[in-house]
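Participant: This is the structure, below, for whatever I ask next.
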């Protein structure tokens, strides 16, 4: 990943993030596809909005559909039918937002899945 700054105005800046799978003009509109899809939209419809990147949530993708289903499709890009860049988070937000469902240890974080109650470990 590379960032090129094209213009500044005070602390604001306009530029371009350059990824292997495409470029993203900044500031950017980034639709959220938490579970690997933007609700009620096809990838073609998302692209037609001008979106150059999609946001996914690692923790939620791990729970549903799950890593095995994503692997069966090849990778996350194939699963989502999205050719452009995808930003995924680390799952760290869930460590704080799901505090009633988690236990932090030296080894990592144990969760009770908000989907089905199964125990998961990050």
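In my numbering, the protein residues as written are 150 to 271. Note that the Cβ used here is the ideal one computed from N, Cα and C, for glycine as well. Note that this is a predicted model, so its numbers are computed, not measured.
State yes or no: is the C-beta of residue 173 within less than 8 Å of the C-beta of residue 212?
Facilitator: The criterion of a C-beta distance shorter than 8 Å is not satisfied by residue 173 and residue 212.
Participant: Kindly list the residues whose CB is nearer than 6 Å to the CB of residue 195, restricted to its own chain and excluding five residues on each side of it in sequence; keep chain order.
Facilitator: 180, 187
Participant: Please report the Cβ distance between residue 185 and residue 210, rounded to the nearest whole angstrom; I am assuming they are in contact, meaning their Cβ atoms lie under 8 Å.
Facilitator: The C-beta distance from residue 185 to residue 210 rounds to 6 Å, short enough to meet the 8 Å contact threshold.
Participant: Who are the near neighbours of residue 260 in its chain, counting only those whose CB is closer than 6 Å to its CB and skipping five residues on each side?
Facilitator: 250, 251, 269
Participant: Just to confirm, are residue 238 and residue 207 a CB contact at a threshold of 8 Å?
Facilitator: yes
Participant: Distance check for residue 192 and residue 230, CA to CA, integer angstroms please.
Facilitator: 6 Å
Participant: Compute the beta-carbon to beta-carbon distance between residue 288 and residue 240, rounded to the nearest angstrom, for a pair I have assumed lies under 8 Å.
Facilitator: Examination of residue 288 is not possible in this model, given that the chain is present from 150 through 271 alone.
Participant: Taking the alpha helix (DSSP H) that residue 237 belongs to, which residues open and close that run?
Facilitator: Not the alpha helix (DSSP H): residue 237 falls in the beta strand (DSSP E), residues 235-237.
Participant: What three-state label does DSSP hand residue 267 in the structure shown?
Facilitator: Look at residue 267 here: in three-state DSSP terms it is coil, with no helix or strand label.
Participant: Under 8 Å between the Cβ atoms of residue 178 and residue 150?
Facilitator: Between residue 178 and residue 150, the C-beta spacing is not below 8 Å.
Participant: Based on the DSSP output, what are the partners of residue 153 in its beta bridges?
Facilitator: 165
Participant: Going by C-alpha distance, which of 216, 183, 154 is nearest residue 235?
Facilitator: 183
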